[in-house]
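Visitor: Have a look at this one.
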Amino acid sequence: MAKVRTIADGVRICTVQTDRFKSAFIGVSMVVPMTGNLSANALLIKVLKHSCKKYPDFVKLNRKLDELYGASIAAGFSKKGEAQMLDLEISCIDDRFALKSGEKITAECAELISGMLFNPDVKKGAFKSDIVDEERRFLLQDIEEEINNKRTYAQKKCVSIQCRNELFGKRIYGTKEEIEALTPEDLYEAWQNLLRTATFLITCVSSDDCRQVERIFKKGFSKIERQPAEITTEFRTRPGKFRRVEEQFPVNQGKLVLGFRTGKKNKEDNFAAYVLAADIFGGNVYSKLFLNVREKLSLCYYCWARLISEKGLLMVDCGIDTENEKKATDEILAQLKAVCDGDFTDDDIKASVMGMRERWLSMDNPGAICGWYSTQITDETLCTPEEKVALLEKVTKKEICAAAKHIKLEAAYMISAQEGEKDEA
Amino acid sequence: MKLKEYRNDLLGESVFHAKHSSGLNIYIMPKSGYSTTYAIFATEYGSIDTSVKKADGTFETIPEGTAHFLEHKLFEGEELDAFEQFAKTGASANAYTSFDRTAYLFSCNENFEESLGILLDFVQKPYFTQETVEKEQGIIGQEIRMYKDLADWEVMFNLLTALYYEHPVRIDIAGTQESIAKIDADLLYDLYRNFYNLNNMVLCICGNVDCEKVLAVADKHLEKTGGSKIERKFVYESPKPVKPLVEESLSVAQKQFLLGYKEDRKTPEVSLEDELASQIMLEILFGKTSPLFNDLLSKGLVDMGFYNEFFNGFGYACCMIGGTSKDPEQTAEIIRKAVSEAVKTGLDPADFERAKRKLYGSMVKMYNDIEIVSNHLMSIHFGGCKPFAELDACRKLTLERVNRRLRKLKNSYSALSIINPLSQEQ
């Protein structure tokens, strides 16, 4: 079972001791308000992952990782409501499977990741400029390449159209121009700021009691004067004026994304009823969107609805032939109306609860367990999957319909195929 | 039915194997402390099966994309489709088709036996009509179009068409809009009868599972079929590529490339030892700590997405190296040079040890994941090996063997695939 302790102001560590797994996992999650320097933080997390004082270049660090039986490090950023979430994580084989007895792989990995966070290769108030430049190049390239995957590109685009006057509508890495303008000193400042003001959740799954990991991080934070920033998100309960944007690309398949406002007042508001309404609408293969837009009308290969509880949005996306946009939109809205009207059975609710239960309880690996808890970083208490499932089990049909009735279309984004250019398929 | 136990003391794990009276091979790996179970039921029938062996021993050609089409259609049922049935047990079900297999799977936290019964039943009871086959053509048509826009997918299939003359690995897994238009219900039933006999299939289960319970469900739901393991057609093809360069323009931001080295295969399959040796060889030459990668990185020619893969199956094997690059031709030139250099000098023993350690680590980690383990057991079975064979093979790997694999790389057997950005009006 997960144990949660506070090791500094706004810093919690959540540990799970189990010998079920062959590997161990340590994750460091951080959130800061999206009002801060998004681009500096985004680049910073990449620079922190690149190397540290002890292993100051990429090859040395990666050789060390190889020696630790291929331990792997990952870093990323994402939105958590209107907070910027940064993650740094390491995964390694458990000590029990080392080829030589007495090798302390997990502890070494904990030292490594804490070294990246607390002891990066900095000098005189700045990171090394060659490392910053290299990571900047990668980040800018990642951003430029967002267009390669039209599906995820369209999803992000729809959110930015829908929330154009809200913080949530910003790109999580800021803008290209901001990234280009960042200096090694800016990153140093962002790093200091992050250690001081971010809310932290450290997660660890290992066969030992994780005390060593805890000690390592406690020591790291002991030198820092903490002033955690408050994390809030604006919820708009009523939809703004509907807006549709279309872009043309030379593609084979069109992509349609519909953005809805759910009417949620905050992320906890009617949590379970919204989860089930979204799932019955379009969360799974038993859902209305799959059965009707795909199976009945053969309009698409995929059509899913995704609830963003932390901001009170719901997004539907599908890949269709450009000329079918209206047909697909009409059908998606008709299926939403069906959920509002209670056009589903108690068996459908049961299937949905079981489906969600399945999704949330299937956590038989260390990374998934850490991920489950780290997504709750902004919550006061961390819930187990069983506790969240229990919330779903109490929901009535009336509550699901009531939640669905608040879900209103607010934006549409369409990638349409440029005619005659790419149609040899 | 007798269960044979394969024990691995290092991992502290066992795999149990049974040959069911119906002809089906069953592998079970119970994982103590796990709440989830994953089951996969697969036939050795994939996109490379574009011909069927007839009674007179000759092979008859069939349209491209039948295995994938059939995968879609098996979910349909006379009363309830498979998804509707799984909705009642809560299991999360899916299926996939690859080059050499079609697999049906589910994972669940509860009602395992019931879900396993559904899995075995729906795969054994095809039910579809000409009307529903035609409707599926629309859905699969959209799937094909979706993949046509994905550069990662296109860069690989274009490479395969540049490397292979005849081998069906060169065709898209789902076939083409034209080839699936040729598929009808009768053909699918014929192919079903041929490829879905239990002797050509395997069931692999990993997680919170009890062997006896699996066998009881198997006894109840498996119906003995005739037939035997299906023989594939092997045609030797020259290691020379069809063309050295293939390019396509897509709506992407930067150029992407994939360089492939075709292997001269006199026999259809690569041994497990050679497969691992090739992986290690690729890691040493092109991994994150290699001088080559860091040279390309410092020249600004590649980024962290630089990757390599040893890609093999029945009758095909190649080493692939790819990523995003502002200058794929120059990058390929540098790689080719490094390859011929390495072939001359051989690999460094310290690099070999480190890469081997990393490979061992990845194998150990794999046993966490019930999905990966189930799929792995299936691959091991289809590959004619025994459970845990890979750990043993890894331990026995020598630098000499890796160098032998290295010497198979010949620049004259290589081809380069490039995806160029298409100018787009926005």
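First to last, the protein sequences are chains E and P. Going from the first sequence to my numbering is simple: count from 1 and add 397. Going from the second sequence to my numbering is simple: count from 1 and add 2. In this text, a Cβ means the ideal position worked out from N, Cα and C, and glycines have one as well.
Is P:Y29 helix, strand or coil by DSSP?
Guide: Here residue 29 of chain P is taken as the residue at index 27 of the second sequence, counted from 1. Reduced to three states, the DSSP call for P:Y29 is strand.
Visitor: Which chain P residues sit within Cβ distance under 7 Å of E:S420?
Guide: Along the first sequence, read from residue 1 onward, the residue named residue 420 of chain E stands at position 23. Those are K367 and N370, listed as they occur along chain P.
Visitor: Confirm, please, whether the CB-CB distance from P:G262 to P:A105 is below 9 Å.
Guide: Your numbering for residue 105 of chain P matches position 103 in the second sequence. Your numbering for residue 262 of chain P matches position 260 in the second sequence. Their beta carbons are not under 9 Å apart, which means P:A105 does not touch P:G262 by this criterion.
Visitor: Who are the neighbours of E:Q538 on chain P, taking C-beta pairs under 9 Å?
Guide: Taking the first sequence and counting its residues from 1, the one referred to as residue 538 of chain E is at position 141. Those are A255, Q256, D305, G307 and T326, listed as they occur along chain P.
Visitor: Taking the alpha carbon of P:C387 as the point to measure from, which residue in P:K412, P:N27 and P:L298 has its own alpha carbon closest?
Guide: On the second sequence, residue 387 of chain P is found 385 positions in, with the first residue counted as 1. Ranking P:K412, P:N27 and P:L298 by Cα distance to P:C387 puts P:N27 first.
Visitor: Relative to the alpha-carbon of P:S49, which residue among P:K56, P:I182, P:L107 and P:V157 has its alpha-carbon at the smallest distance?
Guide: As a first step, residue 49 of chain P must be located in the second sequence, where it is residue number 47. Selected option, being the one with the closest Cα: P:I182.
Visitor: Check each residue of the stretch 271-293 of chain P: if its Cβ is closer than 7 Å to any Cβ of chain E, include it; give the result in chain order.
Guide: Going along the stretch 271-293 of chain P in chain order, one finds K290 and T291 with a Cβ nearer than 7 Å to chain E.
Visitor: Using beta carbons (cut-off 9 Å, strictly below), is P:R356 in contact with chain E?
Guide: Within the second sequence, the letter at position 354 stands for residue 356 of chain P. Yes, because at least one Cβ of chain E sits closer than 9 Å to the Cβ of P:R356.
Visitor: Tell whether a beta-carbon distance below 9 Å holds between P:Q258 and P:I420.
Guide: As a working note, residue 258 of chain P is residue 256 in the second sequence. As a working note, residue 420 of chain P is residue 418 in the second sequence. Yes, the Cβ-Cβ distance between P:Q258 and P:I420 is below 9 Å.
Visitor: Kindly say whether E:A349, judged by its beta-carbon, lies nearer than 9 Å to any beta-carbon of chain P.
Guide: Residue 349 of chain E lies beyond the stretch modelled for chain E, which goes from 398 to 822, so this question has no answer here.
Visitor: Going by alpha carbons, who is nearest to P:I141 out of P:P128, P:F71 and P:N113?
Guide: Sequence index remark: in the second sequence, residue 141 of chain P carries index 139 (1-based). Of the listed residues, the one whose Cα sits closest to P:I141 is P:F71.
Visitor: Pick out the complete alpha helix (DSSP H) segments inside the stretch 426-508 of chain E, 4 residues or longer, and give them in chain order.
Guide: Within the stretch 426-508 of chain E, the complete alpha helix (DSSP H) runs of at least 4 residues are 435-447 and 455-464.
Visitor: Starting from E:D583, trace the beta strand (DSSP E) in both directions and tell me its first and last residue.
Guide: Numbered from 1 along the first sequence, position 186 holds the residue referred to as residue 583 of chain E. That residue, E:D583, is in no beta strand (DSSP E); its alpha helix (DSSP H) goes P581 to T594.
Visitor: At least one CB of chain P closer than 9 Å to the CB of E:G526: is that the case?
Guide: Here residue 526 of chain E refers to the residue found at position 129 of the first sequence. It is worth fixing the name first, because residue 526 of chain E is Ser in this sequence and not Gly. No, its Cβ sits nowhere closer than 9 Å to a Cβ of chain P.
Visitor: What residues of chain E sit near P:I141, judged by a beta carbon separation below 7 Å?
Guide: For the purposes of this step, residue 141 of chain P is taken as the residue at position 139 of the second sequence. Neighbours of P:I141 on chain E, chain order: R691, S695 and Y698.
Visitor: So E:A787 contacts chain P; which residues on that side make the cut at Cβ distance below 8 Å?
Guide: The residue given as residue 787 of chain E occupies position 390 in the first sequence. By Cβ distance, chain P contributes nothing, its closest Cβ being about 14 Å from E:A787, past 8 Å.
Visitor: For the stretch 607-626 of chain E and the stretch 521-535 of chain E, state whether three or more C-beta atom pairs, one from each stretch, are separated by less than 8 Å.
Guide: Because the criterion of three Cβ pairs below 8 Å is not met, the stretch 607-626 of chain E and the stretch 521-535 of chain E do not touch.
Visitor: Of the choices E:N721, E:E707 and E:I746, whose alpha-carbon is the least far from that of E:G679?
Guide: Mapped onto the first sequence, residue 679 of chain E falls at position 282. Of the candidates E:N721, E:E707 and E:I746, the one whose C-alpha sits nearest the C-alpha of E:G679 is E:I746.
Visitor: Would you report the Cα separation of P:L408 and P:K339, rounded to the nearest angstrom?
Guide: Your numbering for residue 408 of chain P matches position 406 in the second sequence. Your numbering for residue 339 of chain P matches position 337 in the second sequence. The straight-line gap from Cα to Cα measures roughly 14 Å.
Visitor: Locate the beta strand (DSSP E) running through E:R640, then write down its first and last residues.
Guide: Numbered from 1 along the first sequence, position 243 holds the residue referred to as residue 640 of chain E. Element bounds for E:R640: R640 to F646.
Visitor: Apply the 10 Å Cβ neighbour rule to P:R9 and answer buried if 16 or more other Cβ atoms are within range, or exposed otherwise.
Guide: Taking the second sequence and counting its residues from 1, the one referred to as residue 9 of chain P is at position 7. Label assigned to P:R9: exposed.
Visitor: Kindly indicate which three-state DSSP category P:K367 falls into: helix, strand or coil?
Guide: The residue given as residue 367 of chain P occupies position 365 in the second sequence. Residue state, collapsed to three classes: helix.
Visitor: Taking 8 Å as the limit between beta carbons, can you name the residues of its chain near E:L591, skipping five residues before and five after?
Guide: Reading the first sequence from its first residue, position 194 is the one you call residue 591 of chain E. Taken in chain order, the residues that qualify are M427, V429, N438, L441 and L483.
Visitor: According to DSSP, which residues form a beta bridge with P:P423?
Guide: Your numbering for residue 423 of chain P matches position 421 in the second sequence. Per DSSP, P:L252.
Visitor: If I'm right that E:N667 touches E:Q732 with Cβ under 8 Å, what's the distance once you round it to whole angstroms?
Guide: As a first step, residue 667 of chain E is located in the first sequence; it is residue number 270 there, counting from the start. As a first step, residue 732 of chain E is located in the first sequence; it is residue number 335 there, counting from the start. The Cβ separation is near 20 Å, so there is no contact.
Visitor: What does P:C110 reach in chain E if we use C-beta pairs closer than 7 Å?
Guide: Mapped onto the second sequence, residue 110 of chain P falls at position 108. In chain order: E755.
Visitor: Please report the straight-line C-alpha distance between E:F687 and E:Y699, rounded to a whole angstrom.
Guide: Taking the first residue of the first sequence as 1, we reach residue 687 of chain E at position 290. Taking the first residue of the first sequence as 1, we reach residue 699 of chain E at position 302. The straight-line gap from Cα to Cα measures roughly 7 Å.
Visitor: Strictly under 9 Å for the Cβ-Cβ distance: is E:C555 near chain P by that measure?
Guide: The residue labelled residue 555 of chain E in the question sits at position 158 within the first sequence. False, the Cβ-Cβ gap to chain P never drops below 9 Å.
Visitor: List the residues that DSSP assigns as beta-bridge partners of P:L418.
Guide: Start at 1 with the first residue of the second sequence, and residue 418 of chain P comes out as number 416. For P:L418, which the question treats as bridged, DSSP gives the partners P:L247 and P:L261.
Visitor: Just grab the DSSP bridge partners of P:A218 for me.
Guide: Looking up residue 218 of chain P in the second sequence gives position 216. The partner list for P:A218 (beta bridge, DSSP) is empty, contrary to what the question assumes.
Visitor: Quick check on P:K147: buried or exposed, where buried means 16 or more other Cβ atoms within 10 Å of its Cβ?
Guide: Counting from 1 along the second sequence, the entry for residue 147 of chain P is found at position 145. Here the sequence assigns Arg to residue 147 of chain P, which means Lys is not the residue at that position. Classification of P:R147: buried, given that the 10 Å Cβ count is 16 or more.
Visitor: Does DSSP put E:Q414 in a helix, a strand or coil?
Guide: Here residue 414 of chain E corresponds to residue number 17 of the first sequence, with the count starting at 1. Looking at E:Q414 - three-state DSSP - the assignment turns out to be strand.
Visitor: Would DSSP call P:Y129 helix, strand or coil?
Guide: As a working note, residue 129 of chain P is residue 127 in the second sequence. In the structure shown, P:Y129 sits in coil (DSSP, three-state: anything other than H, G, I, E or B).
Visitor: For P:Q332, which residues in chain E fall below 7 Å Cβ to Cβ?
Guide: Taking the first residue of the second sequence as 1, we reach residue 332 of chain P at position 330. Near P:Q332 there are no residues of chain E at all, since even the closest Cβ is about 17 Å away, more than 7 Å.
Visitor: Mind checking the stretch 645-661 of chain E against chain P and listing, in chain order, the residues whose C-beta falls within less than 8 Å of any C-beta there?
Guide: Result list: Q645, F646, P647, V648, N649 and Q650.
Visitor: Give me, in chain order, the residues of the same chain whose beta-carbon lies closer than 8 Å to that of P:L294; leave out the 5 immediate sequence neighbours on both sides.
Guide: Here the question's residue 294 of chain P lines up with position 292 in the second sequence. The answer, listed in chain order, is L287, F288, I336, I337 and A340.
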